[in-house]
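Trainee:
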Ligand SMILES: Cc1cc2nc3c(=O)[nH]c(=O)nc-3n(C[C@H](O)[C@H](O)[C@H](O)COP(=O)(O)O)c2cc1C
């Protein structure tokens, strides 16, 4: 049974994580419900020379063409599309990931504002006890950012900052992106082979036990 995952891009730096995550979800035959903010369009252009369409129907065609080889299904919804399934607790996705997540959207979710479809979908996922994962990007974090994250964490939200490790000897930016995307897929139980798992190769030197 394919998983239904709501994926939202907001206007924080880190769009390559979001686009790669979308590709991997579709490759794993997920049903993806995609939302993105206006500033996400600006960031996608700035970071990836990617022109995300301003209309949901065009966006759907754009991504279906881009990821035509992948078996998953994709539905894109606009920021005020209140008849989208993600707007209601009667039809929540199994999980939602906001990647990348701005401090603004994070604050709005922490306060339960629900004033656009991204915030509302997150509110629904939270109230229905489904998994919500935020990939917050800012540096440094202010006390307000940290307090909002703590509040969300206490409500059961997974705060997964895009902090790639270097112990797998990344060779390029794609390796760094895949490190974070692999952790996100693990969180929602989607299989992948993006990188070897720590300790699986059996080639590490074995030290003394005591
Ligand atoms: C190129 C660019 C990069 C940005 N990077 C970040 C960022 O890393 N983190 C952040 O919180 N906001 C960042 N912002 C600011 C947010 O996009 C802005 O606060 C916006 O109102 C957030 O709206 P949204 O959450 O609906 O996307 C960036 C803006 C631009 C144009």
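Residue numbers (our numbering): 8 to 217.
For each residue, glycine too, the CB sits at the ideal point set by N, CA and C.
(1) Which two residues bound the contiguous beta strand (DSSP E) that contains residue 38?
(2) Nearest-angstrom Cα distance between residue 139 and residue 214?
(3) Excluding the five sequence neighbours on either side, which residues of its own chain have a C-beta within less than 6 Å of the C-beta of residue 15, listed in chain order?
(4) If you measure from the CB of residue 127, is any heavy atom of ligand 1 nearer than 8 Å?
(5) Should residue 156 be counted as a contact of ligand 1 given a C-beta to heavy atom distance under 8 Å?
(6) For residue 50 and residue 22, what's the separation of their Cα atoms in angstroms?
(7) Return the bridge partner residues of residue 203 from the DSSP annotation.
(8) Do you know how far the Cα of residue 154 is from the Cα of residue 13?
(9) Quick one: grab the DSSP three-state call for residue 164.
(10) In the DSSP assignment, find the unbroken beta strand (DSSP E) run with residue 59 in it and report its ends.
(11) Who are the near neighbours of residue 95 in its chain, counting only those whose CB is closer than 7 Å to its CB and skipping five residues on each side?
(12) Please state whether the Cβ-Cβ distance between residue 44 and residue 25 is less than 9 Å.
(13) Taking its Cβ as the centre, do 16 or more other Cβ atoms sit within 10 Å of residue 174, making it buried, or is it exposed?
(14) Give the straight-line distance between the Cα atoms of residue 181 and residue 28, rounded to the nearest whole angstrom.
Mentor: If we stick to the structure as given:
(1) 38 to 43
(2) 39 Å
(3) 42, 105 and 125
(4) no
(5) no
(6) 7 Å
(7) Residue 203 is not bridged to any residue.
(8) 25 Å
(9) coil
(10) Premise fails: residue 59 is in no beta strand (DSSP E) and is neither H nor E.
(11) 131
(12) no
(13) exposed
(14) 12 Å
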